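Colleague: If you scroll down you'll find the structure; I have some questions about it.
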């Protein structure tokens, strides 16, 4: 504690507040005593609530510097080091490193055996490259693995059908073309698809025509319907995964009453749903056809589904009866040849019923 001396020897009881000269007392104190007085006053006096919390306490961070550390010079040094590195990066010319060449076999290998280890150590130190350069060199040496065995195709779909040559053969009624598969070919022009359909009208050799996932729309569906009225050779038509609406499918089914050769029709997975009305119309129009045996479509309504199932079963029974009549016309049913033909007919019927259950999606 500081003993504050009063300049005149008087009793403290006789002194008044007006008689005490505070300035004179403070002038007599040393700097250390003033600091101690300030700390005692901070403890005695309650902090003002209007003063921020960070300013209510005295500064206790002042201390003499230790050593020759200079914060300002350190900041300047870091700044200029960063700037110099940036300038070096900008001035650097991009270059591509080539793989290191193979070591040439020279006649220097005939050296004494004692010096050989030292020579190898020096070669290893000279041949070693920095890690970054080694990574760049490794990137240049990409192994082929099994890329040579991959068969590259001209189209992503993998269908390599030549559109122009196949169309010319169909127009010329070439007997070598019995199956036309255009499935999944990208960006076929609509005009070319119409040319294919028109070429089928007079063609007598094409048995299977598949244009699944080729962007077939309503206009091409109507052209297919007109083609089925004239064509007498096609047996399988696949138009799945296209943009045909219920009107186009109904038009195709309506023309089947004039066609007696088509046995399989697939039109499942269209962009637009056919709807209840179109399914009812399909089941009604199929009653006039006696040759269609397989249909690839999932009926949403149970009524048309059962009707179409019964109609296809009727057509299968009719085909079975026609085959039996042909067998009986060959010879007497009790003959050995007739028995063989009857056995083959029964096996064929069983096979047809099995395929009928798997292909029709109900």
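Residue numbers (the UniProt record's numbering): 1 to 362.
Note that beta-carbon positions come from the ideal geometry of N, C-alpha and C, so glycine has one too.
Being a predicted model, the structure only gives us computed values, none of them experimental.
Can you round the beta-carbon distance between residue 248 and residue 221 to whole angstroms, since I take them to be within the 8 Å contact cut?
Modeller: The count along the chain shown starts at 1 and reaches residue 248 at position 248. The count along the chain shown starts at 1 and reaches residue 221 at position 221. Right, their Cβ atoms sit about 3 Å apart.
Colleague: DSSP three-state label for residue 208, please.
Modeller: For the purposes of this step, residue 208 is taken as the residue at position 208 of the chain shown. Looking at residue 208 - three-state DSSP - the assignment turns out to be strand.
Colleague: Output needed for residue 23: all residues of its chain with C-beta closer than 7 Å, excluding positions within five of it in sequence on either side, in chain order.
Modeller: Within the chain shown, the letter at position 23 stands for residue 23. Answer for residue 23: no residue qualifies.
Colleague: What does the alpha-carbon distance come out to for the pair residue 260 and residue 298?
Modeller: For the purposes of this step, residue 260 is identified with residue 260 of the chain shown, where counting begins at 1. For the purposes of this step, residue 298 is identified with residue 298 of the chain shown, where counting begins at 1. Rounded to whole angstroms, residue 260 to residue 298 spans 24 Å at the Cα level.
Colleague: My output table needs one value for residue 20: the three-state DSSP class, helix, strand or coil.
Modeller: As a first step, residue 20 must be located in the chain shown, where it is residue number 20. It is coil, neither helix nor strand.
Colleague: When we look at the beta-carbon of residue 28 and count the other beta-carbons within 10 Å, is it buried (16 or more) or exposed?
Modeller: The residue labelled residue 28 in the question sits at position 28 within the chain shown. Burial call: exposed.
Colleague: Which one of 169, 189, 212, 165 has the shortest CA to CA distance from residue 181?
Modeller: Within the chain shown, numbered from 1, the residue matching residue 181 stands at position 181. Comparing Cα positions, the closest option is 212.
Colleague: Roughly how many angstroms separate the alpha carbons of residue 25 and residue 40, rounded to a whole number?
Modeller: Position 25 of the chain shown holds residue 25. Position 40 of the chain shown holds residue 40. Cα-Cα distance, rounded: 16 Å.
Colleague: Could you give the DSSP three-state label for residue 62: helix, strand or coil?
Modeller: As a working mapping, residue 62 is identified with position 62 in the chain shown. In the structure shown, residue 62 sits in coil (DSSP, three-state: anything other than H, G, I, E or B).
Colleague: Since residue 253 contacts residue 282 with CB under 8 Å, what's their CB separation in whole angstroms?
Modeller: For the purposes of this step, residue 253 is identified with residue 253 of the chain shown, where counting begins at 1. For the purposes of this step, residue 282 is identified with residue 282 of the chain shown, where counting begins at 1. Confirmed, Cβ separation roughly 5 Å.
Colleague: Measure the Cβ-Cβ separation of residue 203 and residue 233 and say whether it is below 8 Å.
Modeller: By one-based count along the chain shown, residue 203 stands at place 203. By one-based count along the chain shown, residue 233 stands at place 233. Yes.
Colleague: May I have a chain-ordered list of the beta strand (DSSP E) segments no shorter than 3 residues that lie completely inside the stretch 221 to 255?
Modeller: Listed in chain order, the complete beta strand (DSSP E) runs (minimum 3 residues) inside the stretch 221 to 255 are 236 to 238.
Colleague: Select from 285, 272, 325, 328 the residue whose C-alpha is nearest the C-alpha of residue 312.
Modeller: Locating residue 312 in the chain shown gives position 312, where the first residue counts as 1. Nearest of 285, 272, 325, 328 to residue 312, Cα basis: 285.
Colleague: Verify whether the separation of the beta carbon atoms of residue 240 and residue 275 is less than 8 Å.
Modeller: Here residue 240 refers to the residue found at position 240 when the chain shown is read from its first residue. Here residue 275 refers to the residue found at position 275 when the chain shown is read from its first residue. No, these two residues do not count as a Cβ contact at 8 Å.
Colleague: Relative to the C-alpha of residue 215, which candidate in 173, 271, 229, 161 has its C-alpha closest?
Modeller: The count along the chain shown starts at 1 and reaches residue 215 at position 215. Out of 173, 271, 229, 161, 271 has the C-alpha closest to the C-alpha of residue 215.
Colleague: Classify residue 121: buried if its beta carbon has 16 or more other beta carbons within 10 angstroms, exposed otherwise.
Modeller: Position 121 of the chain shown, counted from the start, is the residue given in the question as residue 121. With a pLDDT of 48 at residue 121, under the threshold of 50, the modelled position of this residue cannot be trusted; read the value that follows with caution. Residue 121 should be labelled exposed.
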